[in-house]
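Student: Residues in the sequence shown are numbered from 2 upward in steps of one, following this note's numbering.
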Amino acid sequence: MDFGLVLQTDPPASQVISLMKRAERNGFRYGWTFDSAVLWQEPFVIYSQILANTQKLHVGPMVTNPGTRTWEVTASTFATLNDMYGNRTVCGIGRGDSAMRVAGRAPNTLARLGEAIDVIRDLAEGREASVDGNPIRIPWIKDGKLPVWMAAYGPKALALAGQKADGFILQLADLYLTEWMIKAVRQAAVEAGRDPSAITICVAAPAYVGEDLAHARDQCRWFGGMVGNHVADLVSRYGEHSSMVPDELTEYVKARQGYDYSHHGRAGNPSTDFVPDEIVDRFCLLGPAEAHIEKLRALRDLGVDQFAVYDMHDAKESTIDAYGTQIIPALNA
Numbered sequence: 002m003d004f005g006l007v008l009q010t011d012p013p014a015s016q017v018i019s020l021m022k023r024a025e026r027n028g029f030r031y032g033w034t035f036d037s038a039v040l041w042q043e044p045f046v047i048y049s050q051i052l053a054n055t056q057k058l059h060v061g062p063m064v065t066n067p068g069t070r071t072w073e074v075t076a077s078t079f080a081t082l083n084d085m086y087g088n089r090t091v092c093g094i095g096r097g098d099s100a101m102r103v104a105g106r107a108p109n110t111l112a113r114l115g116e117a118i119d120v121i122r123d124l125a126e127g128r129e130a131s132v133d134g135n136p137i138r139i140p141w142i143k144d145g146k147l148p149v150w151m152a153a154y155g156p157k158a159l160a161l162a163g164q165k166a167d168g169f170i171l172q173l174a175d176l177y178l179t180e181w182m183i184k185a186v187r188q189a190a191v192e193a194g195r196d197p198s199a200i201t202i203c204v205a206a207p208a209y210v211g212e213d214l215a216h217a218r219d220q221c222r223w224f225g226g227m228v229g230n231h232v233a234d235l236v237s238r239y240g241e242h243s244s245m246v247p248d249e250l251t252e253y254v255k256a257r258q259g260y261d262y263s264h265h266g267r268a269g270n271p272s273t274d275f276v277p278d279e280i281v282d283r284f285c286l287l288g289p290a291e292a293h294i295e296k297l298r299a300l301r302d303l304g305v306d307q308f309a310v311y312d313m314h315d316a317k318e319s320t321i322d323a324y325g326t327q328i329i330p331a332l333n334a
């Protein structure tokens, strides 16, 4: 099983780079960041320094979207990093939550997202693609490689991931929902004539290693609120108790009373008071190292190829170190 580290690009950027270096030393193979231009610093600038200060770490956004940058700019940016550092990027992409909504825009449609996946990958790998009806090819790209991994929750998005993406990003670590969603992605891949085993499965969620479970829950409760934004969209689209979406995912957002993006992805987010302990426990990895190892083995058995640690709490360094000394070795023994 591979491991990734997920950070927000809060200033100073030097701290983000330092944590990514620490992650690589501890056996992490991927370094991910949020991508929301208003809320945090520009990640692609920071990726250049992360790549320069690591040897093998692969980097990318979790996740970018088709709306905040033109597709040829996104492709050229990835391709430039790959040309400089040797094909060590991956494009995580979704419809766009905070990046779009903070700027007063609605998230992108799935149709637009599906088109963008093909265009960005083709351009970044040196092939011709159509952008706004115009055929474009980036002539300087040689031997470019850009895997595109799509984040999804709902049935139509899961189907799109299975049809088009090189990887599937699931931003929660609930075992039942993970199994249900991986099955949906793989079934869509089969129906599209693709090899379902060729799609990389990445589960991303907060991890907090320690004995004080109540403190760990409070530090990670924000995640239920972040996921709740997407779940609320699903409820508005499919209704409550829909056969299309499991109640295990949707039931907890009934008490949700709006959301303030100024606290997005941060411990102590006041917009996440509605998230019960049960959801924190299901969606995250909490407790002593042995509890993490047990749940990660269960996720691996479901077909998960990578676990990406959301490290937005008061124990960033110790969590990275605990994974490096106790958890990653146990999973890869």
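Backbone N, C-alpha and C fix where the C-beta goes; we use that ideal spot for every residue, glycine too.
1. When you compare the CB positions of residue 205 and residue 285, do they come within less than 8 Å of one another, or not?
2. Excluding sequence positions up to five away, which residues of its chain have a Cβ less than 8 Å from the Cβ of residue 247?
3. Would the beta-carbon of residue 6 fall within 8 Å of that of residue 312?
4. Taking the DSSP output, what are the residues bridged to residue 1?
5. Taking 8 Å as the cut-off, decide whether the C-beta atoms of residue 58 and residue 31 are in contact.
6. Are the Cβ atoms of residue 166 and residue 149 separated by less than 8 Å?
7. Note down, one range per segment and in chain order, each alpha helix (DSSP H) of at least 4 residues found wholly within the segment 226–254.
8. For residue 65, which residues in the same chain have their Cβ closer than 6 Å to its Cβ, ignoring the five residues on either side in sequence?
9. Beta-carbon separation of residue 211 and residue 316 under 8 Å?
10. Going by alpha carbons, who is nearest to residue 51 out of 309, 69, 28 and 17?
11. Would you kindly report the start and end of the unbroken alpha helix (DSSP H) that includes residue 75?
12. Could you give the DSSP three-state label for residue 69: helix, strand or coil?
13. Can you tell me where the beta strand (DSSP E) holding residue 35 begins and where it ends?
14. With DSSP as the reference, label residue 285 as helix, strand or coil.
15. Return yes when the Cβ of residue 63 is within less than 8 Å of the Cβ of residue 33, no when it is not.
16. With three or more beta-carbon pairs closer than 8 Å as the criterion, would you say the segment 168–176 touches the segment 129–144?
17. Does residue 34 have its Cβ less than 8 Å from a Cβ in chain C?
18. Go to residue 130, then tell me how far its beta strand (DSSP E) extends in each direction, as first and last residue.
19. According to DSSP, simplified to helix, strand and coil, what is residue 6?
20. Could you tell me the distance, in whole angstroms, from the CA atom of residue 266 to the CA atom of residue 187?
21. In the DSSP output, what is residue 310 paired with across the bridge?
22. Among the residues of its own chain, which have a CB less than 8 Å from the CB of residue 296, if the five just before and after it don't count?
23. Would you call the segment 67–74 in contact with the segment 12–28, where contact means no fewer than 3 C-beta pairs closer than 8 Å?
24. Can you look up residue 58 in the DSSP assignment and give me helix, strand or coil?
25. Could you tell me the boundaries of the alpha helix (DSSP H) in which residue 115 lies?
26. Considering only residues of the same chain and omitting the five flanking positions on each side of residue 335, which have a CB-CB separation below 7 Å?
27. Quick one, are the C-beta atoms of residue 321 and residue 89 less than 8 Å apart?
Tutor: Looking at the coordinates:
1. The sequence position of residue 205 within the sequence shown is 204, counting from 1. The sequence position of residue 285 within the sequence shown is 284, counting from 1. Not closer than 8 Å, so no.
2. The sequence position of residue 247 within the sequence shown is 246, counting from 1. Residues 177, 178 and 181 of the same chain have their beta carbon placed closer than 8 Å to that of residue 247, with the five preceding and five following residues left out of the count.
3. Within the sequence shown, residue 6 is the residue found at index 5, counting from 1. Within the sequence shown, residue 312 is the residue found at index 311, counting from 1. Yes; because the gap between Cβ atoms is below 8 Å, this pair is in contact.
4. An answer regarding residue 1 cannot be provided, because it is not within the stretch 2 to 334 covered by the chain.
5. The residue labelled residue 58 in the question sits at position 57 within the sequence shown. The residue labelled residue 31 in the question sits at position 30 within the sequence shown. Going by beta carbons, residue 58 and residue 31 fall inside the 8 Å limit.
6. Numbered from 1 along the sequence shown, position 165 holds the residue referred to as residue 166. Numbered from 1 along the sequence shown, position 148 holds the residue referred to as residue 149. Residue 149 is positioned such that its CB atom lies closer than 8 Å to that of residue 166.
7. Taken in chain order, the complete alpha helix (DSSP H) segments of 4 or more residues contained in the segment 226–254 are 248–251.
8. Taking the sequence shown and counting its residues from 1, one reaches residue 65 at position 64. Around residue 65, the same chain offers 36 and 94 as residues with beta carbons nearer than 6 Å, after the five sequence neighbours per side are excluded.
9. As a first step, residue 211 is located in the sequence shown; it is residue number 210 there, counting from the start. As a first step, residue 316 is located in the sequence shown; it is residue number 315 there, counting from the start. Residue 316 is positioned such that its CB atom lies closer than 8 Å to that of residue 211.
10. Taking the sequence shown and counting its residues from 1, one reaches residue 51 at position 50. The residue with the shortest Cα to Cα distance from residue 51 is 17.
11. For this step, residue 75 is matched to residue 74 along the sequence shown. 72–86 is the extent of the alpha helix (DSSP H) around residue 75.
12. By 1-based counting over the sequence shown, the position of residue 69 is 68. For residue 69, the three-state secondary structure derived from DSSP is coil.
13. What you label residue 35 is simply residue 34 of the sequence shown in a count that begins at 1. Careful: residue 35 lies outside any beta strand (DSSP E) and carries neither H nor E.
14. The residue you call residue 285 lines up with position 284 of the sequence shown. Of the three classes helix, strand and coil, the one that applies to residue 285 here is coil, per DSSP.
15. Taking the first residue of the sequence shown as position 1, residue 33 is located at position 32. Taking the first residue of the sequence shown as position 1, residue 63 is located at position 62. Yes, Cβ-Cβ distance for residue 33 and residue 63 is below 8 Å.
16. No, the segment 168–176 does not touch the segment 129–144.
17. The structure shown contains no chain C; it holds only a single protein chain.
18. As a working note, residue 130 is residue 129 in the sequence shown. Here the beta strand (DSSP E) through residue 130 covers 130–132.
19. Residue numbering aside, residue 6 sits at position 5 when the sequence shown is read from its first letter. When DSSP states are grouped into helix, strand and coil, residue 6 belongs to the strand group.
20. Numbered from its first residue, the sequence shown carries residue 266 at position 265. Numbered from its first residue, the sequence shown carries residue 187 at position 186. The straight-line gap from Cα to Cα measures roughly 29 Å.
21. By one-based count along the sequence shown, residue 310 stands at place 309. DSSP lists 6 and 206 as partners of residue 310.
22. Here the question's residue 296 lines up with position 295 in the sequence shown. 174, 176 and 286.
23. With a cut-off of 8 Å, the segment 12–28 and the segment 67–74 do not count as touching, because too few Cβ pairs lie within range.
24. Start at 1 with the first residue of the sequence shown, and residue 58 comes out as number 57. Looking at residue 58 - three-state DSSP - the assignment turns out to be coil, as it is neither helix nor strand.
25. Translated into the one-based positions of the sequence shown, residue 115 becomes position 114. For residue 115, the enclosing alpha helix (DSSP H) stretches over residues 111–125.
26. Outside the shown range of the chain, which is 2 to 334, sits residue 335, and nothing can be said about it.
27. For the purposes of this step, residue 321 is taken as the residue at position 320 of the sequence shown. For the purposes of this step, residue 89 is taken as the residue at position 88 of the sequence shown. Using a Cβ distance threshold of 8 Å, residue 321 and residue 89 do not count as a contacting pair.
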